[in-house]
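**Student:** The structure follows.
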Amino acid sequence: MAFSLGAFSATIVCKSNYSLEAGHIRRAAEIADKSAGFTSPHPNFGCVIAVGSKVVGEGFLYAQGTKCAELQAVESAGELCRGATAYLNMEPGDCHGDHTSVSSLIQAGISRVVVGIKHPLQHFRGRAVRSLRSERVQVDVLGEDLQSKLIEEALKSCLLVNAPLIYRAACQVPFSVLKYAMTLDGKIAASSGHASWISSKESRSRVFELRGRSNAIIVGGNTVRRDNPRLTARHGGGHLPIRIVMSQTLNLPEVANLWDTSDVHTIVATQRGAKKSFQKLLASKGVEVVEFDILNPRDVMEHCYDRGYLSILWECGGSLAAPAISSGVIHKVYAFVAPKIIGGEGAPSPVGELGMVEMSQALKLIDVSYEKVG
Numbered sequence: 001m002a003f004s005l006g007a008f009s010a011t012i013v014c015k016s017n018y019s020l021e022a023g024h025i026r027r028a029a030e031i032a033d034k035s036a037g038f039t040s041p042h043p044n045f046g047c048v049i050a051v052g053s054k055v056v057g058e059g060f061l062y063a064q065g066t067k068c069a070e071l072q073a074v075e076s077a078g079e080l081c082r083g084a085t086a087y088l089n090m091e092p093g094d095c096h097g098d099h100t101s102v103s104s105l106i107q108a109g110i111s112r113v114v115v116g117i118k119h120p121l122q123h124f125r126g127r128a129v130r131s132l133r134s135e136r137v138q139v140d141v142l143g144e145d146l147q148s149k150l151i152e153e154a155l156k157s158c159l160l161v162n163a164p165l166i167y168r169a170a171c172q173v174p175f176s177v178l179k180y181a182m183t184l185d186g187k188i189a190a191s192s193g194h195a196s197w198i199s200s201k202e203s204r205s206r207v208f209e210l211r212g213r214s215n216a217i218i219v220g221g222n223t224v225r226r227d228n229p230r231l232t233a234r235h236g237g238g239h240l241p242i243r244i245v246m247s248q249t250l251n252l253p254e255v256a257n258l259w260d261t262s263d264v265h266t267i268v269a270t271q272r273g274a275k276k277s278f279q280k281l282l283a284s285k286g287v288e289v290v291e292f293d294i295l296n297p298r299d300v301m302e303h304c305y306d307r308g309y310l311s312i313l314w315e316c317g318g319s320l321a322a323p324a325i326s327s328g329v330i331h332k333v334y335a336f337v338a339p340k341i342i343g344g345e346g347a348p349s350p351v352g353e354l355g356m357v358e359m360s361q362a363l364k365l366i367d368v369s370y371e372k373v374g
């Protein structure tokens with residue numbers, strides 16, 4: 001994904017220093033990623049202050065309303081800030097209007113700032129860069145003022161750490177990930193519906209991490225009836241995402257783990273007018289019911305966008321995954337493939353009917369990567 005972010009002249013950096021520059025920027029992105037899920041809807045910010053190869057201060061935004069990354073790094077570095085370089089994975093936004101991010105760098109005597117990417121939101125983009133330059137602080141932006149293969153790799157790390165925010169800003173829709181675990185022969189459960197457990201304990205821990213990075217998790221009615229999930233982020237160390245159940249008919253059990261809203265909110269998305277008595281029951285349990293004229297993945301995603309969500313994790317079965325894919329709301333897939341074979345003509349698969357009759361119609365995936373988990 002590319003953005004036209006403008007260009008400015010700046011002091012040329014020797015190519016021999018590109019490895020050093022890229023390393024500090026990657027470190028800023030790495031520590032920024034520690035707060036994934038907690039800062040939403042704001043970006044993940046990281047700041048590294050260095051004198052040459054030596055890092056003298058670091059900081060990252062822990063969560064909404066906490067001390068900004070730049071101020072943390074400045075306080076960590078102390079007097080070593082004077083004449084040093086600050087490396088930021090993203091241009092500061094100062095969304096609360098206090099300008100602490102920029103002013104802390106200027107007052108500390110930082111002489112140069114290297115920015116991974118400019119802010120993806122139009123009303124913030126370039127503002128901090130201009131403020132710093134107006135105070136005679138040299139600012140270099142990756143891909144504009146600094147260019148090399150190493151810089152491209154560092155730039156990619158900056159894009160990845162805030163991919164949901166960037167995607168939302170560019171496409172006006174939350175970034176959505178479809179997650180499923182399947183056997184080697186493509187089954188997500190046995191013919192009986194039994195599915196515990198397909199994947200390893202380590203894979204399930206990875207799922208908790210994915211949940212902790214998400215604003216909301218979406219499942220369908222079949223998943224609620226069959227699995228009675230909790231959809232928590234336990235063991236993942238992340239925040240607790242909102243749970244969303246999509247059900248046209250509200251043919252759902254009166255007692256379910258998802259109706260327990262003591263720790264985290266649950267939303268049930270349904271067709272307008274469906275089972276009013278059951279809607280009242282859900283409301284009495286603290287569950288929010290949202291009605292749609294026609295319940296479909298696209299409209300649910302627009303609703304999530306209006307609520308300010310950045311990242312959505314779909315943990316649904318094949319009957320809901322198929323329309324989600326067909327409507328274009330799925331942007332990434334995490335498939336956990338277990339070295340098992342279960343067989344069964346009636347055993348469910350991860351994705352239902354897509355209406356494709358020829359292999360030439362198959363959806364082609366890009367940026368494919370894999371790793372062994374467990």
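The numbering of the sequence shown is UniProt numbering, which starts it at 1 and goes up by one.
We treat Cβ as the ideally placed atom computed from N, Cα and C, and that holds for glycine.
#1: Taking 9 Å as the cut-off, decide whether the C-beta atoms of Cys304 and Pro174 are in contact.
#2: Taking 6 Å as the limit between beta carbons, can you name the residues of its chain near Val51, skipping five residues before and five after?
#3: Specify whether the stretch 337-346 and the stretch 204-216 touch according to this definition: at least 3 beta carbon pairs, one from each stretch, less than 8 Å apart.
#4: Give me the Cα-Cα distance between Asp263 and Leu150, rounded to the nearest whole angstrom.
#5: Can you tell me whether DSSP reads Arg272 as helix, strand or coil?
#6: In chain order, what residues of the same chain lie with their CB nearer than 6 Å to the CB of Met246, ignoring the 5 residues before and after it?
#7: Does the beta-carbon distance from Ala32 to Leu61 come in below 9 Å?
#8: On the CB-based measure, 16 or more other CB atoms within 10 Å of its CB, does Tyr180 come out buried or exposed?
#9: Would you kindly work out how many angstroms separate the C-alpha atoms of Arg226 and Ile218, rounded to a whole number?
#10: What residues in its chain sit with their C-beta under 7 Å from that of Leu240, if we drop five residues either side in the sequence?
#11: Count the other C-beta atoms from every protein chain shown that fall within 10 angstroms of the C-beta of Gly116, then say buried if there are 16 or more, exposed otherwise.
#12: Assess, as a yes-or-no matter, whether the stretch 304-324 is touched by the stretch 270-283 under the definition of 3 or more beta carbon pairs within less than 8 Å.
#13: Around the C-beta of Asn215, are 16 or more other C-beta atoms found within 10 angstroms, so that it is buried, or is it exposed?
#14: What does a CB cutoff of less than 6 Å around Gly143 pick up in its chain, not counting 5 residues either side in sequence?
#15: Taking only the alpha-carbon atoms, compute the straight-line gap between Ala77 and Asp367 and give it to the nearest angstrom.
#16: Could you check how far apart the C-beta atoms of Ser101 and Asp94 are, in whole angstroms? I think they sit under 8 Å.
#17: Determine the closest residue to Phe124 out of Ala189, Gly65, His42 and Leu80, with distance taken between C-alpha atoms.
#18: According to DSSP, simplified to helix, strand and coil, what is Lys34?
#19: So, for Gly374: in the same chain, excluding its five sequence neighbours on each side, which residues have a beta-carbon less than 7 Å away from its beta-carbon?
#20: Unbroken alpha helix (DSSP H) runs of length 4 or more, entirely within the stretch 251-316: which are they?
#21: Exposed or buried, what is Gly355 when buried is set at 16 or more other beta-carbons lying within 10 Å of its beta-carbon?
#22: Whose C-alpha, out of Ser196, Glu58 and Thr66, is nearest the C-alpha of Glu75?
#23: Please work out which residues of its chain come closer than 8 Å, Cβ to Cβ, to Arg298, disregarding the five sequence neighbours upstream and downstream, and give them in chain order.
#24: Which term fits Met359, buried or exposed, when burial requires 16 or more other beta carbons within 10 angstroms of its beta carbon?
#25: Can you have a look at Ser140 and say buried or exposed, based on whether 16 or more other CB atoms are within 10 angstroms of its CB?
#26: Between Val290 and the rest of its own chain, which residues show a CB-CB distance below 8 Å, the 5 nearest in sequence each way excluded?
#27: Classify Ala63: buried if its beta carbon has 16 or more other beta carbons within 10 angstroms, exposed otherwise.
#28: By how many angstroms is the C-alpha of Ser134 removed from the C-alpha of Leu178?
**Tutor:** Per the coordinate set shown:
#1: It is a contact, given that the beta carbons lie within the stated cut-off.
#2: So the qualifying residues of the chain are Ala84.
#3: No, the stretch 337-346 is not in contact with the stretch 204-216.
#4: Whole-angstrom Cα-Cα distance: 44 Å.
#5: Judged by DSSP in its simplified three-state form, Arg272 adopts coil rather than helix or strand.
#6: These residues qualify, in order along the chain: Gly220 and Ala269.
#7: It is a contact, given that the beta carbons lie within the stated cut-off.
#8: With 16 or more Cβ atoms within 10 Å of its Cβ, Tyr180 is classed as buried.
#9: Approximately 15 Å, taken between the alpha carbons.
#10: For Leu240, same chain residues with a beta-carbon under 7 Å away, outside a window of 5 residues either side, are Thr232, Ala233, Asp263 and Val264 in chain order.
#11: Label assigned to Gly116: buried.
#12: Segments in contact, no.
#13: With 16 or more other Cβ atoms within 10 Å, it is buried.
#14: Only Leu155 meet the Cβ criterion.
#15: Spanning the two alpha carbons is a distance of roughly 38 Å.
#16: Contact between Ser101 and Asp94 holds: CB atoms are separated by about 5 Å, below the 8 Å threshold.
#17: Ranking Ala189, Gly65, His42 and Leu80 by Cα distance to Phe124 puts His42 first.
#18: Annotated three-state conformation of Lys34 is helix, per DSSP.
#19: Contacts found: Ser200, Lys201, Glu202 and Ser203.
#20: For the stretch 251-316, whole alpha helix (DSSP H) runs of length 4 or above, ordered along the chain, are 276-284 and 297-306.
#21: The Cβ neighbour count for Gly355, taken over all protein chains shown within 10 Å, is under 16; the residue is labelled exposed.
#22: It is Glu58 whose Cα lies nearest to the Cα of Glu75.
#23: So the list reads Ser327, Gly328 and Val329, once near-sequence residues are dropped.
#24: In summary, Met359 is exposed, with fewer than 16 beta-carbon neighbours lying within 10 Å of its beta-carbon over all protein chains present.
#25: Position check: residue 140 holds Asp in this sequence, whereas Ser was assumed. Buried is the call here.
#26: If you ignore the 5 residues before and after Val290, its C-beta comes within less than 8 Å of the C-beta of Ile267, Val268, Ala269, Thr270 and His303, all in its own chain and listed in chain order.
#27: Classification for Ala63: exposed.
#28: If I take the Cα positions, the gap works out to 45 Å.
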